Structures are given as C-alpha cells and as structure tokens.
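Quick notes on the structure that follows.
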Amino acid sequence: MSDMSPFIVAATLAALALLIHFVHSSSIWGDIPSITKAIKDNKKTFSDYVADVVAEHGPILQILIGRHPIVVISDRKEMERILLGGKCTDQSKRANEIFATITSIDKKVILLDETWKRHRRLTGPSMSRRYLERMSGRIASAANDLARLWDAKIRVVGSAAFDADSDLQLATMDAIVNITMGSPLGCVETAYNALSAEVIQSNGIVHLPQFDLPPLHEALRAMMESIERASGKQYKLLNSFLSNAISHSREREAILGSKGEGLATDADCVLDMIIQREAREGAEAFGKGEMLDELMTYVLAGQDTTAASLGWLVKFLPQDPEIQLRLHNEVCNVFGPGTESDEFLDFNLLDDHIRVPILEAVVAETLRCASVAAIISRDRER
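Mapping the sequence shown onto the numbering used here, position 209 (from 1) lands on 286, and the numbers just tick up by one.
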C-alpha cells in the first residue's frame, strides 16, 4: 500500500491542478454557447452578435470559438487605413469559405491579382461621375415611390409610429437592382398595394400586416442576413434570374452593337455596360461565373450599406426640426419643388457647397456619426 502512496499523491495533485485550471479559465467551448443562443433564440446573425459584444465591451475584444481566438478591432479609421492606405483587400481562408456559399465562382474574395484588375477595368465606368449622374433619375424614382408609400402609411396610422427601416431596405433594393439590371423588383410597389386600413396598435406603435414580397427580394435578404446559412434554393433562384438577364443583355447587344454608337456610360444599366465594353471595345470578356459574381457583388454590397446610412439619416433628422426644415427649403430652392420628377440630378449643383451648404453638412454629419465601414478578416501566419 505504501508503494502506491506517491502515485496517489501525484494523481491527486494533477487532478487538483486540472480542476483549478478549468475553473479559472474560459470554457473549452469558448463563446460558442452564447453565439448559438443569439442565433437560435434571438434570431440574430453572427455579425449581429459581434456588434452586440462590441457595444458592451468596446472596440477591441476577443471572441473564442472553442480554443481558437478571434481578435475583433471595431475601428473605422483602422479599416480605412488597411483598405485605402495599404490597398490591401485579401481575405482570410474562413472568409473565402463563407462567401463561397453564395457565389458562382470558387474565389469570390477580391484578390490583388490580374483577375481583380480585369474586373475593375470592365466595371470602372459604372463608378464614373457621368454614369452616376445618369442613374440619379432611377434613384429619384425609388425615392418618390418611398415618399408615396410613407404618405399612404401616414394616412393609415395617423400620429402613431411605424417601422421605417424596412421600407428603406425595400427602396434601396429597388434602386440598386434597377441600376444594376435595368429594372426594379417592385418591392415598394408591393408594400404600397398591401397596405390595409386594419392595423394593430400598441404603445403608440402601429404594426402593419405582413405581406409577401417578390421571391427574388426574399432570396437576396436571406443571403445577406445569414451568408453561412444561404440555401441552395435561394442561390438557384438568384442564379437563374441573373443568367436570364445576362442572356437578354447579350441578345440586345447583338442587335444594337453593329451600330457601334454611344459610350459605355450611355448604357442602360451596369450589366449592359459590361457587355457593351466586351463587344465594342475589345475589353477582356467575363466568364459566366465572373459575370454572375460581379452582379451579385453590386446588389449585395450596394443595397445593405446604402440602406444602413439612410436609416441613420432618418433617425437623426427628426431630432432637429429646424435643420430638417432648412434642408427641405434648400433642396426645393436649388433643385425645384417638384416631387414627382425622375429627371437626372445636376451634379454640378451637388458640388457647389455655396448653394447646398445644409445638404453637404447633413450628409457629412450623418457619415461622421454613423459611418459604414468594411468588414475584413486576416489569418495569423505566425
């Protein structure tokens, strides 16, 4: 018995050491239980979870996926330094795997190689001043549809409050798809036609009845809200829609392209512009997968960021009625009082800070207080 005593003592000490280690250290599961609870019980995405913990703990924190740490730095200026100053857009292996679930080609992430440069050459004119000025009419059309919807809602709810953020999502979805593909989805029109005089009101907030939106909108929203859970059915729907649009655009170019007239920035939409550049200017052609990928990037990236910024603008403006009135008067004086006009905006007026000082200040202050920053990720190599 005495021969076993040293072994028993050593085993006891080892057990106590392990017990103390696990009691005073993080769970072997790390933050997985809280992440699972947020996603399953609170219907949040992983991005929502990260935003919540950043709000609670500050801009620099660590999230443990089991024993694997993720260091989160939530700082807009640091993101801009990396993306703009360092011209560094490479993503981590994990980011590649996530986005691979919703893209048509294996390498969705933007890499600093010849493929990325070719994409930028083909799509570059879509970000030009001339093209954006032409597309401003479509943005104005979406804004008019939104104003019409809100006027109708005000007549229904009176002085009660209603959810404006979801309407902004619908309007920006219409505008972005219109610019990218040449026609809107009709999301705001669907919401307008679904309005009912019968509403549920509680604590001064009106809950309007739910309605069915266009299937393509639902597929896009599902993919943006939870990229990792994007289903094959939703991707197939979007893939089919974009593939048909590409085919029709190539058919139009085959008919009209022989004339060889017009600049790339005269194209009716981003899709037509890319195909026109391929055919008329001898630009490098996109493969089908690359074309699908580029169009999906426009829709997914453009809609959510725009809607988020507009949502904050709508939140901030009512807090200062005087600024709201001055902004309204300035815009009417400079651009005209017409509310139904879908004409192109004169960008020279937008650049004239002497004529639109309030508009310039409101936009700058909104972006300062609630700017939208990129989400980027890195792998530790050593």
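Cβ atoms here follow ideal geometry from the backbone N, Cα and C, with glycine treated the same way. Keep in mind that this is a model prediction, so the values were computed, not measured.
Separation of the CB atoms of residue 140 and residue 150 is rounded to 12 Å, and the pair is thereby denied contact status at 8 Å. In this structure, residue 422 and residue 213 form a Cβ contact; the two beta carbons are roughly 4 Å apart against a cut-off of 8 Å. Contact annotation: the region 396-416 does not touch the region 266-277, with fewer than three C-beta pairs closer than 8 Å. Assignment of residue 246 by DSSP, reduced to helix, strand and coil, places it in the helix class. DSSP places residue 388 in the helix class (H, G or I) of the three-state scheme. For residue 253, no pairing in a beta bridge is given by DSSP.
Between the beta-carbon of residue 231 and that of residue 380 there is about 25 Å, and that puts the pair past the 8 Å contact cut. Annotation for residue 284: no alpha helix (DSSP H) segment contains it, though the beta strand (DSSP E) segment containing it runs 282-284. According to DSSP, residue 395 shares a beta bridge with no other residue.
Under the DSSP assignment, residue 216 falls in the alpha helix (DSSP H) whose first and last residues are 206-234.
Taking C-alpha positions only, residue 131 is separated from residue 431 by approximately 39 Å.
In the structure shown, the three-state DSSP call for residue 353 is helix.
The beta carbons of residue 251 and residue 265 sit closer together than 8 Å. Taking 8 Å as the cut-off, the beta carbon of residue 347 is found closer than this to the beta carbon of residue 203. Non-local beta-carbon contacts of residue 107 in its own chain, meaning distances under 7 Å to residues more than five positions away in sequence, involve 141, 142, 143, 144 in chain order.
For residue 327, same chain residues with a beta-carbon under 8 Å away, outside a window of 5 residues either side, are 352 in chain order. Closest in alpha carbon position to residue 296, among 288, 287, 312, 286, is 312. Contact annotation: residue 370 and residue 259 have beta-carbon atoms that are not nearer than 8 Å.
Residue range 123-134 is occupied by the alpha helix (DSSP H) that includes residue 124.
The shortest CA-to-CA distance from residue 440 to any of 115, 399, 413, 394 is the one to 394. Residue 386 and residue 442 have their C-alpha atoms some 11 Å from each other. For residue 107, DSSP records a beta bridge to 142. Listed as beta-bridge partners of residue 238 by DSSP are 282.
In the assembly as shown, residue 113 is an exposed residue. Its beta-carbon has fewer than 16 other beta-carbons within 10 Å. Distance from the CA of residue 343 to the CA of residue 209, rounded to the nearest whole angstrom, comes to 11 Å. A Cβ-Cβ contact shorter than 8 Å links residue 318 with residue 293. Residues of the same chain with a CB within less than 6 Å of the CB of residue 396, apart from the 5 flanking positions on each side, do not exist.
Straight-line measurement puts the Cα of residue 224 at about 28 Å from the Cα of residue 372. Burial of residue 261 is indicated by the presence of at least 16 other C-beta atoms within 10 angstroms of its C-beta. Straight-line measurement puts the Cα of residue 322 at about 20 Å from the Cα of residue 249. Beta-bridge annotation (DSSP): residue 150 is paired with 137. Taking residue 237 as the centre and dropping the five residues before and after it, the same chain places the C-beta of 278, 281, 282, 283 closer than 7 Å to its C-beta, in chain order.
In terms of CA proximity to residue 438, 407 leads the group 412, 407, 449. In the DSSP assignment, residue 432 falls outside any alpha helix (DSSP H) and carries neither an H nor an E. Under a 10 Å Cβ-count criterion, residue 158 is classified as exposed, with fewer than 16 other Cβ atoms of the shown protein chains found around its own Cβ.
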